[in-house]
Structure formats: C-alpha cells, structure tokens
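The structure under discussion appears below in the form of structure tokens.
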Amino acid sequence: MSPTLQTKTITVDSLRSPLCSQLINDSKTLAVRAATGTGKTKHLFGPLAKAARSKNKKIVYLSYLTALVEQYCNDNLAVSYNQDLCELEQADAMGVVVNSIWKSHIRSVLNQADILIIDEFEKVLTTVVCSEPSKQLPKQQVFESLSEAIRNVPQLIVGDADLSDISLSYIKELRSEVTLLDCTENPYSSIKAVITDKNQYLSNVYLKERLIDEDKVFLFDSLVTLRQVTQSLGYKDSNKLDSEDEALKGGILIIHAHNKDMPAQKAFLENPNEEIKKYKAVMASPCLSSGFSITTHFTDKVVVFCDKTLTPLELINFARRFRTAKQIWFAVDAYKDFITPHAKETTYKPAVHVQPTDKLNIAFNNVKKRFFAPLALHLHLTLEELGFMTTSAPSSFTAQLFAQKSVTLAAKAYKELEVQAIVSSPDLTQEQASWLWAKDRRTSSDNASLTKFQIKRDYGVKKVTEDDVNFHFKFLANRSVFDSFPFVNRSSDKVEIEDKHHSAAMFIYDNILRKYGFSVDGDAFWIHKDDVRQIVKACYLKQEVLNWAFKDGLHITKPLHQEAKPNKATSYLKRLLNSLGFEVGTFRSSSKKAKVEMHKNARNYAYFNTAPSETTKSAA
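Residue numbering for the sequence shown is 1 to 620, as defined by UniProt numbering.
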C-alpha cells in the first residue's frame, strides 16, 4: 500500500527527550517507531495514562495479547475488557485485546474514548487481516471495529518496533494525517548476532545439556518444531508426545499458545522477572514475542529457531525479550533456504480481492515472501542495518544435507506418534471437548483427544483409524473451499464464509464436478484422459481466484496444460480433487477414463446437518 499523504517525521535519539512529551500532548495522530528496550511503555504510554486521568479523559489501551493488556491494566489502574458492562462504562481507562473489540458493549466503550493507544500496532493489524476467520476472531467484524475506532477517536497513539509503511498508510487513509516519531536510540550495537544452520544445531547429541548448561533459552517461531524438540529432549508423556509437565520436573519451562493458562506458565507471563529465577531453561513460542521486558539476567545467549513464520524484524524482537543477553543465534534451515525459489507475489485486484482486509493481507504477505527467499540473507542484512555485530557460523553443504535428512526423519516419526495418539486417545463428550477448547491449558495428548472428537463428530466415524486421521489433516487444509460447495449442508453454519472460498468452490463445481457428471446422489463420475489438459487450462486461466483461496501447495503458477507430457497436469488435477475429499483412480487403458468419487468421510461431512462447534481448525 502506498502512502496517501507525506508522513511528517520527527527524529529523536531517546524517548526520554522532552520533545516526546510535547508530541504526546499535541499530536492528534502519533505513530512511535522505536527499537525494543527503548521504553515505549515507561516513557510514553504510562505517563499518557496518568495525564489522561488528571484531565478526566477516557483512555483505551489496545493490543493483541491478553497478557499485555492485563499487564497494562495492573500498572495503570485500568479496567480489563472482561469485566462486566457496568464497570466498563464507569471506568476512565480500559485495556482490551483486539479480537474482542467487535462485541457491542466493548465497541461502545471504545467509541467513547478520548485517547486510544494501540501497542504493538503492526502485530495488531496483521493478527486481524492475515488470520483465518473463526468464532474467536470474526475477521471482518473486528477489522470494521478497529477501522471505526482509528477513524473517529480524538487522539490516536500507536507504537511498534516493526512499524511499516503499510501500517502508516492504513492509518493515513483513515485519519488523513500522521506524525511519525522515529527514535534512533540503538540498543543493539553491543549485541553479537550469529546465523547458523538449524538442522545441525538440533541434531547435536548433546542438545539437552547445551540447553541447560549453556544456552538457557530456546525460542521457536513454530509450535510444531517446539513440540518436536521438547519430545526429542526426552520430555514425553504416556503417548510419547511432548510433555511440559515432564520438562517442568527437570527445571525447564515450556510456554506456548496452548498452555499459557497452566499455573507455571500463567505465573511466568504475569511476572516474568521473578518467575524466571525458578528455572534452569526456558523454551517458548511467539506468545512471548512482544511486550515482555525480561530484565533479570538469565542468560548471555538466546537461540531462535526460524521456520519462516516470523519476518527478520519480528525474530529480532522475539529474541530481545531477554534484555541482558549479549548473543543471539538465529538458526535457519540452511539447506532448504539455499534451494527454495522466490515465491510469486500476489497482485491486488479489486475484482478478485473483494474483502476489506484483502489489500492489507496481500501487502503484508508479499513482504514476508520477499524476506523468506532466502531468509538467511535478509536476516543478515537486517541485523547489519540495525547495528548488530553480525556473523555466520560456517557449515558445509554436505553437513547441512545430512542434518536436514536427520531432522526430517525425526519430524516424520513424531507425526506418526501423533497419529497413533489420536487413534488411541479416550473419547470425549461434547462438554469435555468444549471445556478443553475454552482453555489455553492443553497438552499434546489433550489435542490428540480433541482431534479424535472432531473426526468422530465431523465424519460420523464410530471407530477412528489411522486412515481417518490422515484424511482429516489433508482435508482440513482446504476445507473452507469444500464448505462453500452448494451441496454441503453445513456451509450455512460457518461463522464467516469468505468470498474467496465461495468463488473457488463454484468454479470447481461448475467446471469439473457438475460438468463431468457429479451428482449428490451419484456414486462416482468419470474424467477422460484427453479432458485433463482442458480442465487444467481452465484452472490456469482462473489462477488468481484459485491461488487466493487455496494453500500454497495447490497454487498453479505455470501453464501445465502446455507441457509435452500430461503428467504434471494430471498430478495437479489429482492433488486439487484429493484436497477437496475426492479420490481419483488411475486412467484405464481401455476407456482412458479415471473414476472420481467422494471419500466416505467427505460425503458424511457434506450431508450431516450438524455444525462444527468451537473451531474448524485442527487441535494438533
């Protein structure tokens, strides 16, 4: 997104500058960009809250993590958003998490505010526009409420270390003006940054000893990798899956989005500087990626394992939660990073990208694609630009390849254990499942039980098998498209049917399913080998619609129908139909036709008229 107006930029060398206080008081729209550790909350947001109270002004603090909101409320005598309506209406200050602002009573309080502070603004915005809609986050309603508040509040203050031109442009479109307070204070110049190979690091036979005795902190931008590493260190439950309880017995705190309400994890999030003294080591996911300032000296070195979920700036800010660390090691998949081609960026087209969030979604994701190809290079350049003492740990291509194979085998073994745990887990009642979904205190085995519950509920399965589990994971990836088919009963029960899924579903229904004989009551339909190229050509010509709706693995970016041999076109068509619950047979030598039929689980899912309860996403 290009800026609509020129941004007025004021540069300071410290947020302690008197000019900052003046800007806070005089600016109707102020965006603060300052590195982690420079004191945005201490020097700006805290004093602003006190000044607002003295002037009887209503102030709202908004962020994307509950822990940040609760911390602000405790420090600034604000009322938390989860209090009753009467208390919220009488309060002079409120703290709220972004995914709740669409609720009518909170939206009402928000719209009465004199001052709105949005902390970690870049994360707030990307959390909304880049997420899939759910009952917890009705995407378009949240975005509408956020835009309304930004447009109408008398004074807006936003802050983030990662504040981008995309975010600034969004603000300017709503408020016409914005002053950027750019703090040049550099807390990074004395910190050494090392880029190393993730797979070789994880393959070290002394990894556990290294964590406890030397590194102390392992951070992961992927929950999957965090779970696998926990299990590989020997912290296992009865299903041989990762166990935070077993790790805790060994003095290691493991914290992520699914367990952050467990007693030890919750206590840590509420008071990290005291709680961290109890542990030998900490392993964490991005639920600790911003807003927390751990000033207690715990380690000189932090290791961040990078799976291309967070961008370079986000990875740096993640590591900087531990303020006293003087070394940060960024572990990337060096082998894959070397061979992965640059991902094709998406061009915004109003006729295709019709939702209010689509333009921002595309802009943010295009930036990610640029940074991720290759990640190590962009990470190195970003670190140097920020002033880190930057180097790379040498490693041979052969060593990278060997370690990558080892880690891949370990991941495959973990996945097999996960499938077995789902099959053998105890059956849950609806009440038990709802209770687990509502709590962020789920173990991996709890998630296995929830997945089994989903499979039995969604597909009418009485006895869950490994085939059912494997089908579920494959089907789930693009199930939102399947939900939009006209013959699926439960599409009307979805929280929010997105236009992109509906458009893709209707194209596939009209050009493949119905055209070649699919009917609701029919057992199967047939596709002739000679028709494959024509079908794939139609898909290629509709690539903007299909690629917008489907996950990356099903994107069609080349004219496969023009290949000399039909193999690639046939493979694409089979993968497309498989992802939507259709089984495609081999082309018979006599008739040159392949049989296509709906998988029994997909058929049951389509025709059962019961709504998915808490979520459509996998627990695992």
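Glycine included, every Cβ here is placed at the ideal spot set by N, Cα and C.
Check                                                                                                                                                             : Outcome
Pick from Asn25, Thr29, Thr36: whose alpha carbon is nearest that of Ser14?                                                                                       : Thr36
Am I right that Ala284 and His256 are in contact with their C-beta atoms under 8 Å? What's the rounded C-beta distance?                                           : 7 Å
By Cβ distance, which residues of its chain are closer than 6 Å to Phe220, with the 5 residues on each side in sequence left out?                                 : Leu226, Ser285, Phe305
Tell me the rounded alpha-carbon separation between Ile212 and Thr299.                                                                                            : 11 Å
Within the continuous beta strand (DSSP E) that includes Ala281, where are the two ends?                                                                          : 281-284
What's the gap between the Cα of Leu177 and the Cα of Tyr61?                                                                                                      : Here residue 177 is Glu; the residue named in the question, Leu, does not match the sequence. If you take the alpha carbons of Glu177 and Tyr61, they lie about 21 Å apart.
For the alpha helix (DSSP H) that Tyr540 lies in, which residues bound it at each end?                                                                            : 532-541
Report the CB separation of Leu163 from Ala31 in whole angstroms; it is logged as a contact under 8 Å.                                                            : 6 Å
Would you kindly work out how many angstroms separate the C-alpha atoms of Thr11 and Ala78, rounded to a whole number?                                            : 31 Å
Rounded to whole angstroms, what is the Cα-Cα separation between Glu498 and Thr127?                                                                               : 17 Å
Which of the three DSSP states, helix, strand or coil, is assigned to Thr11?                                                                                      : strand
Put Phe485 into one of helix, strand or coil per three-state DSSP.                                                                                                : coil
Under a three-way DSSP split, which group does Tyr64 fall into?                                                                                                   : coil
Would a C-beta distance cut-off of 9 Å place Ile328 and Lys301 closer than the cut-off?                                                                           : yes
Just to confirm before moving on: does the CB-CB distance between Ala51 and Asp114 stay below 9 Å?                                                                : no
Return the residue from the list Phe473, Leu288, Tyr572 that minimises the CA-CA distance to Ser222.                                                              : Leu288
Could you give the distance in angstroms between the alpha-carbon of Asp26 and the alpha-carbon of Leu68?                                                         : 26 Å
State the DSSP-derived secondary structure class of Leu77, mapped to helix, strand or coil.                                                                       : coil
Please report the distance separating the alpha-carbon of Ala264 from that of Asp237.                                                                             : 18 Å
Secondary structure at Phe582, three-state DSSP: helix, strand or coil?                                                                                           : strand
DSSP three-state label for Gly387, please.                                                                                                                        : coil
Under the assumption that Tyr335 contacts Gln404 (Cβ atoms under 8 Å), give the Cβ distance between them as a whole number of angstroms.                          : 4 Å
What number of angstroms, rounded off, separates the C-alpha of Leu202 from the C-alpha of Lys249?                                                                : 22 Å
Going along the chain, which unbroken runs of the beta strand (DSSP E) with 3 or more residues stay wholly within the region 198-275?                             : 217-220, 252-255
Starting from the N-terminal side, write out each stretch of the beta strand (DSSP E) that is 3 residues or longer and does not extend beyond the region 123-190. : 155-159, 179-183
Find the nearest neighbour of Ser108 within the set Ala602, Val367, Leu85, Ser519, judged by alpha-carbon distance.                                               : Leu85
Bridge partners for residue 628 per DSSP, in chain order?                                                                                                         : Here the chain covers residues 1 to 620 and nothing more, so residue 628 does not appear.
Could you compute how far the alpha carbon of Lys617 sits from the alpha carbon of Ala34?                                                                         : Residue placement at Lys617 is poorly supported in this model, since its pLDDT is 46, which falls under 50; the coordinates are not used for a value here.
Buried or exposed: where does Phe397 fall if 16 or more other Cβ atoms within 10 Å of its Cβ makes it buried?                                                     : exposed
Check Glu614 in the structure and name its three-state DSSP category.                                                                                             : Residue confidence for Glu614 is low, a pLDDT of 45 falling below 50, so the modelled location carries little weight and cannot support an answer.
Inspect the beta-carbon positions of residue 639 and Val532 and report whether they are closer than 9 Å.                                                          : Residue 639 is absent from the model: the chain starts at 1 and stops at 620.
Going by DSSP, which residues form a beta bridge with Leu116?                                                                                                     : Val60, Leu156
Extract the residue ranges of the alpha helix (DSSP H) inside the region 562-607, only unbroken runs of 4 or more that lie entirely within it.                    : 567-579, 600-607
Have a look at Thr557 and Val96 and give me their C-alpha separation to the nearest angstrom.                                                                     : 42 Å
Would Ala373 and Ala343 be called neighbours here (beta carbons separated by less than 9 Å)?                                                                      : yes
Spell out the partners DSSP gives Leu30 in its beta bridges.                                                                                                      : Ile157, Thr179
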